[in-house]
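Novice: Take the sequence shown: its letters are residues 184 to 398, numbered as in the numbering used here.
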Amino acid sequence: MSVASYLIDKPRRTPKQERGRSRVASLLDAAADLFAEQGYDRVTMSAIADRATAPIGSLYQFFPNKEAVADALRASYEKECRKLWVHLESEAEHLTTKQLADRLIDLQVEFMEQHPALLALLDLPKPARQANALKSLLERRIASLLLAGRPALSRMEASGIAIVVLRVTEGLFRLFGMLQPAQRKRFAAEFKLVLFCYLNTRLQQGSRARKEGIR
Numbered sequence: 184m185s186v187a188s189y190l191i192d193k194p195r196r197t198p199k200q201e202r203g204r205s206r207v208a209s210l211l212d213a214a215a216d217l218f219a220e221q222g223y224d225r226v227t228m229s230a231i232a233d234r235a236t237a238p239i240g241s242l243y244q245f246f247p248n249k250e251a252v253a254d255a256l257r258a259s260y261e262k263e264c265r266k267l268w269v270h271l272e273s274e275a276e277h278l279t280t281k282q283l284a285d286r287l288i289d290l291q292v293e294f295m296e297q298h299p300a301l302l303a304l305l306d307l308p309k310p311a312r313q314a315n316a317l318k319s320l321l322e323r324r325i326a327s328l329l330l331a332g333r334p335a336l337s338r339m340e341a342s343g344i345a346i347v348v349l350r351v352t353e354g355l356f357r358l359f360g361m362l363q364p365a366q367r368k369r370f371a372a373e374f375k376l377v378l379f380c381y382l383n384t385r386l387q388q389g390s391r392a393r394k395e396g397i398r
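Written as structure tokens, this is what we have:
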């Protein structure tokens, strides 16, 4: 998906013509590639312009600094992520715990493969103002998914489980850059097992605790 449509953080100039929008798309795509390859810290504005084969002045026309570029990418990922989670939430009540674990990993893996810069954005260093925004969004979406499929959960329980689920999937993300495609599939299966064991145990514990509280 192109990131051309998602601009935030008050860019210096919002493109109104197709040529300008195309230039911004090229700049953001170049930034995404570099963040994925080198991490956020090592990428410079000059490198982004060079990768996009654009004058450095063109980049600064739209974004005052690297933080604004990263925020624009993060906003595009958030918007796309919301759509995916809404669809999954509609299925949640019909999924077994194993199916839920599998779908959570599959969703995250698919998103990561499409947007390899995601991990660099999740780990944005301070003082980036939006450093934790994407993590918070994912935690909220996972918690909503759990509540949709397991309405007996309290919001506090769902939030706690969501934090652990996100950390598990982040662990898989960190492996992806070091693995070949065939290895990724195998390790994704291992992480599905880890997540299933955790969810199965945790949800059963919560169910037992609620039953004992009713007695």
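Cβ atoms here follow ideal geometry from the backbone N, Cα and C, with glycine treated the same way.
Of all the options L217, L321, A219 and D289, which has the alpha carbon lying nearest to the alpha carbon of K375?
Specialist: D289
Novice: What is the DSSP secondary structure of L190, counted as helix, strand or coil?
Specialist: Confidence at L190 is low in this model, with a pLDDT of 39, below 50, so its placement is unreliable and no value can be given for it.
Novice: Exposed or buried, which one is D224 when buried takes at least 16 other CB atoms within 10 Å?
Specialist: exposed
Novice: Run through DSSP, which three-state label would Q200 get?
Specialist: coil
Novice: So I344 packs on R385, CB below 8 Å; how close in whole Å?
Specialist: 6 Å
Novice: Is the separation between the beta-carbon of A230 and that of P238 shorter than 8 Å?
Specialist: no
Novice: What residues in its chain sit with their C-beta under 7 Å from that of G299, if we drop five residues either side in the sequence?
Specialist: Per the sequence presented here, residue 299 reads as Pro, with Gly not at that position. Here the set comprises A219.
Novice: Measuring alpha carbon to alpha carbon, tell me which of Q363, L321 and R338 ends up nearest K262.
Specialist: L321
Novice: If you compare alpha carbons, which of T280, L307 and Q363 is closest to E296?
Specialist: Taking only the C-alpha atoms, the option nearest E296 is Q363.
Novice: Alpha carbons only, please: which of K249, Q291 and F370 is nearest the one belonging to Y260?
Specialist: Q291
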